[in-house]
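Take a look at the structure below.
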Amino acid sequence: MVNITLKGGVVRTYEEGTTAADIAKSLGAGLYKAVCVAKIDGKLRDLRTPITGNCAVEILTFDDAEGKRAFWHTSSHILAEAVLHLFPDVRFAIGPAIDNGFYYDFDVPAPFTPEDLECIEAEFIRLVKAGSGLERFELDAPAALELMQDEPYKRELIQEHAGKGEKISFYRLGDFVDLCAGPHLMNIAGVKAVKLTSCTGAYWRGSEKNKMLSRIYGITFPKKAELDEYLVRIEEAKRRDHRKLGKELSLFAIMDEGPGFPFFLPNGMIVKNQLIDYWREVHQKHGYVEISTPMILNQQLWHRSGHWDHYKNNMYTTVIDEEDYAVKPMNCPGGMLVYKLAPHSYRDLPLRIGELGLVHRHELSGALHGLFRVRCFTQDDAHIFMTREQIKDEIIGVTSLFDEVYSQFGLRYHIELSTMPEDHMGELEDWETATNALRAAMDTLGKPYEINEGDGAFYGPKLDFHLEDSLGRTWQCGTIQLDFQMPERFELEYTGADGQKHRPVMIHRVAFGSIERFIGILIEHYAGAFPLWLAPVQVSVLPISERQHDYAREIGARLREAGLRVDLDLRNEKVGYKIRETQLQKVPYMLVVGDKEVESCTVSVRSRSEGDQGVVRVSDFIQAVAAEACERR
RNA sequence: GCUGCUAUGGCUCAGUUGGCAGAGCACGUCCUUGGUAAGGACGAGGUCACGCGUUCGAAUCGCGUUAGCAGCUCCA
Numbered sequence: 011m012v013n014i015t016l017k018g019g020v021v022r023t024y025e026e027g028t029t030a031a032d033i034a035k036s037l038g039a040g041l042y043k044a045v046c047v048a049k050i051d052g053k054l055r056d057l058r059t060p061i062t063g064n065c066a067v068e069i070l071t072f073d074d075a076e077g078k079r080a081f082w083h084t085s086s087h088i089l090a091e092a093v094l095h096l097f098p099d100v101r102f103a104i105g106p107a108i109d110n111g112f113y114y115d116f117d118v119p120a121p122f123t124p125e126d127l128e129c130i131e132a133e134f135i136r137l138v139k140a141g142s143g144l145e146r147f148e149l150d151a152p153a154a155l156e157l158m159q160d161e162p163y164k165r166e167l168i169q170e171h172a173g174k175g176e177k178i179s180f181y182r183l184g185d186f187v188d189l190c191a192g193p194h195l196m197n198i199a200g201v202k203a204v205k206l207t208s209c210t211g212a213y214w215r216g217s218e219k220n221k222m223l224s225r226i227y228g229i230t231f232p233k234k235a236e237l238d239e240y241l242v243r244i245e246e247a248k249r250r251d252h253r254k255l256g257k258e259l260s261l262f263a264i265m266d267e268g269p270g271f272p273f274f275l276p277n278g279m280i281v282k283n284q285l286i287d288y289w290r291e292v293h294q295k296h297g298y299v300e301i302s303t304p305m306i307l308n309q310q311l312w313h314r315s316g317h318w319d320h321y322k323n324n325m326y327t328t329v330i331d332e333e334d335y336a337v338k339p340m341n342c343p344g345g346m347l348v349y350k351l352a353p354h355s356y357r358d359l360p361l362r363i364g365e366l367g368l369v370h371r372h373e374l375s376g377a378l379h380g381l382f383r384v385r386c387f388t389q390d391d392a393h394i395f396m397t398r399e400q401i402k403d404e405i406i407g408v409t410s411l412f413d414e415v416y417s418q419f420g421l422r423y424h425i426e427l428s429t430m431p432e433d434h435m436g437e438l439e440d441w442e443t444a445t446n447a448l449r450a451a452m453d454t455l456g457k458p459y460e461i462n463e464g465d466g467a468f469y470g471p472k473l474d475f476h477l478e479d480s481l482g483r484t485w486q487c488g489t490i491q492l493d494f495q496m497p498e499r500f501e502l503e504y505t506g507a508d509g510q511k512h513r514p515v516m517i518h519r520v521a522f523g524s525i526e527r528f529i530g531i532l533i534e535h536y537a538g539a540f541p542l543w544l545a546p547v548q549v550s551v552l553p554i555s556e557r558q559h560d561y562a563r564e565i566g567a568r569l570r571e572a573g574l575r576v577d578l579d580l581r582n583e584k585v586g587y588k589i590r591e592t593q594l595q596k597v598p599y600m601l602v603v604g605d606k607e608v609e610s611c612t613v614s615v616r617s618r619s620e621g622d623q624g625v626v627r628v629s630d631f632i633q634a635v636a637a638e639a640c641e642r643r
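Okay, so the first sequence: first residue is 11 according to the numbering used here, each after it adds one.
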């Protein structure tokens with residue numbers, strides 16, 4: 011007999027050789043149906059793994075992240091088997107689970123078409139209905155290579171493992187055998203709903219030097235209803251696409267004449283300027299000053315900053331009077347020059363210098379994506395110059411500023427700590443000190459973070475803030491980068507209390523990240539229905555007939571005087587028509603005025619979110635809305 | 001940049017096997033002066049992304065270029 015510790019610390023006794031599947035069954039049939047894999051003493055295992063000694067067993071279902079991954083990973087094997095049946099000449103690469111489903115990469119003579127995908131999906135469903143089980147077996151490296159003799163990609167993977175002397179595991183599903191570490195579901199019958207979402211090209215091992223393979227993406231669920239819900243969410247995301255809404259609401263435009271260089275239209279400019287006003291207010295409160303540095307600076311500067319050696323591929327260059335110049339891809343070198351303009355005392359530090367800097371970066375044409383990925387954007391940058399002793403407090407201060415900004419928009423976030431990249435400047439020791447400082451600040455604040463190995467900037471490690479929007483999608487926006495290198499390169503100094511020269515340390519940080527990207531996120535987050543303080547038009551006045559035009563004009567003027575953004579719809583249309591259009595433009599308030607309202611000096615108020623609000627005195631409405639607009643909620 | 005797909009009035013999209021370029025919305029004029037999500041009539045608006053080719057004839061077929069979309073890679 012063995013003692014098994016279950017979730018919650020409950021200990022039960024089972025016969026030796028019992029499997030996780032048996033345990034799951036003994037815990038209840040309902041649980042058994044949704045069960046995916048088991049965690050035995052912290053290690054993920056197949057459910058049928060026999061248990062031979064005392065251990066802790068956790069049964070994972072589709073509701074657990076790891077259970078879900080196993081479910082999707084198994085689905086990728088089913089996909090591969092379906093493809094094998096329809097395209098016998100296929101060569102298999104890899105097929106992992108991802109955050110939202112799974113994919114499998116295939117080497118086929120011609121890419122898959124949407125029609126192929128339908129056939130594959132039908133075969134997938136047929137296989138699931140047949141409901142076969144998976145079988146695990148292990149081979150040593152030579153036997154594994156022998157088995158996979160016609161599979162060049164699998165052989166490459168096996169050869170990487172061969173040196174370690176470990177056994178290599180395989181899974182057999184029907185007539186499809188795949189090299190795989192597992193774990194997997196025992197039986198595929200639980201995969202009740204499938205959608206093959208897309209087929210695209212993808213490089214073998216993610217490198218553009220390698221062959222382009224054909225990738226099929228899919229997602230599966232244990233219940234049909236869950237798939238339907240997922241598809242609804244996808245539709246919702248499409249409905250909120252900022253590129254679509256940007257056009258419909260006349261916020262911005264990107265034209266053939268400047269791929270990746272967005273134009274901001276009057277409505278978009280209002281949102282942008284409101285964000286900038288807010289940004290200045292918050293930063294003023296947190297003790298920042300603001301500068302503006304030139305967009306074009308000479309090549310010498312970029313050599314000194316290290317950008318020429320580490321960032322040249324992304325920089326636009328030009329020649330002025332036979333001298334080489336570059337358009338700035340970052341604001342920091344300009345900030346350095348400003349710091350150097352005058353001597354500094356330790357009494358001046360920390361010195362927080364903000365800059366809304368327009369930077370240009372050459373991004374690959376295929377990477378461009380609406381406002382999310384552009385070639386010129388405004389960073390809400392700031393450089394903080396400080397002593398080593400001030401590092402931790404400053405990072406804490408910046409984090410609290412970020413908290414304030416993100417909560418303003420109802421955006422939650424998670425943090426990633428990116429460490430030293432391969433291509434970097436400076437000494438290992440400095441990198442360690444800097445990385446530890448970032449850790450220490452987060453630990454003090456009790457903020458959890460993930461590690462993103464080797465993803466730091468070339469001059470220092472960074473904390474990245476990934477914002478979560480109303481649909482649960484995440485976007486990298488804010489970043490705090492700790493830099494020991496630039497102050498060294500630019501020989502920055504301050505005079506300490508001891509009268510000696512010392513080298514300051516600096517933080518580079520952005521809260522919005524880029525104003526352009528942040529606006530894109532806000533458009534999708536709010537589905538175009540901006541809160542009152544950001545809305546391009548805050549109030550629309552809709553007269554019912556020409557008789558009320560003078561009255562409407564008067565109300566319009568009074569609203570504008572109160573600082574509100576107003577649209578007067580004096581067109582020769584019925585009020586129902588005007589309401590429809592105002593609603594589609596997501597204007598927060600509309601005021602309907604007819605003869606009744608003229609007589610009583612009132613307006614009929616209809617709000618975007620709450621519908622008909624009844625008749626209100628003009629002065630009361632103006633007072634209430636003007637107050638609401640100042641509140642920024 | 002790479003792979004695949006796409007490109008037709010301001011917008012959304014039809015356009016069959018190659019044979020005179022269409023609709024709805026938006027826009028303009030007129031009628032209508034109305035009460036909470038589309039009133040009516042008329043009108044203007046397009047070298048079918050661009051270039052080269054095949055053909056008696058190209059929006060349609062081929063090649064190239066540009067841009068967009070999806071993905072890879074990269075990133076604020």
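Note that the Cβ used here is the ideal one computed from N, Cα and C, for glycine as well.
Rounded to whole angstroms, what's the CA-CA distance from residue i to residue j? Just pull it up for me.
i              : j                 : result
serine 375     : valine 138        : 41 Å
glutamate 591  : leucine 259       : 11 Å
histidine 83   : lysine 53         : 17 Å
leucine 477    : leucine 542       : 22 Å
leucine 167    : valine 118        : 19 Å
histidine 293  : glutamate 300     : 9 Å
glutamate 607  : glutamate 620     : 21 Å
proline 124    : glutamate 131     : 11 Å
valine 67      : tyrosine 113      : 29 Å
valine 96      : aspartate 51      : Correcting the residue identity first, residue 96 is leucine in this sequence and not valine. Using only the alpha carbons, I get a separation of about 41 Å.
aspartate 56   : valine 100        : 28 Å
isoleucine 531 : phenylalanine 147 : 47 Å
CB of residue i to nearest heavy atom of the ligand MG: below 7 Å?
i           : result
alanine 537 : This structure lacks the ligand MG, and indeed carries no ligand of any kind.
Residues bridged to residue i by DSSP?
i              : result
isoleucine 306 : Val337
glutamate 68   : Lys49
leucine 544    : None, per the DSSP bridge assignment.
asparagine 197 : Gly143
glycine 538    : Paired residues: none, contrary to the question.
histidine 518  : His393 and Gln491
Between which residues of its own chain and residue i is the CB-CB distance below 8 Å, once the five residues before and five after are set aside?
i             : result
alanine 450   : Lys402
histidine 512 : Tyr356, Thr397, Glu503, Tyr504, Thr505 and Gly506
threonine 62  : Val12, Glu26 and Gly27
valine 21     : Asn13, Ile14 and Thr15
aspartate 109 : none
Identify whether residue i lies in helix, strand or coil by the three-state DSSP scheme.
i                 : result
asparagine 323    : helix
tyrosine 469      : coil
proline 60        : strand
proline 276       : helix
phenylalanine 134 : helix
histidine 293     : helix
cysteine 190      : coil
arginine 618      : coil
aspartate 391     : strand
glutamate 373     : coil
alanine 263       : strand
lysine 17         : helix
histidine 354     : coil
Tell me the residue span of the alpha helix (DSSP H) that contains residue i.
i              : result
methionine 496 : 495 to 499
valine 242     : 234 to 249
glutamine 418  : 401 to 418
glutamate 176  : Segment: none, glutamate 176 is in no alpha helix (DSSP H) and carries neither H nor E.
lysine 257     : 252 to 258
valine 21      : Where valine 21 is concerned, there is no enclosing alpha helix (DSSP H), although the beta strand (DSSP E) it sits in stretches over 21 to 24.
methionine 452 : 438 to 455
glycine 586    : 585 to 594
proline 343    : 342 to 350
tyrosine 561   : 559 to 571
By Cβ distance below 6 Å, which residues in the same chain neighbour residue i in space, the five residues on each side in sequence not counted?
i           : result
arginine 58 : Thr29, Ala31 and Met196
Could you give the first and the last residue of the continuous beta strand (DSSP E) run that contains residue i?
i                 : result
phenylalanine 231 : 222 to 231
Excluding the 5 residues flanking residue i on each side, which residues of the same chain have their C-beta closer than 7 Å to its C-beta?
i           : result
leucine 544 : Val281 and Gln284
glycine 466 : Ser428, Thr429, Met430, Pro431 and Lys472
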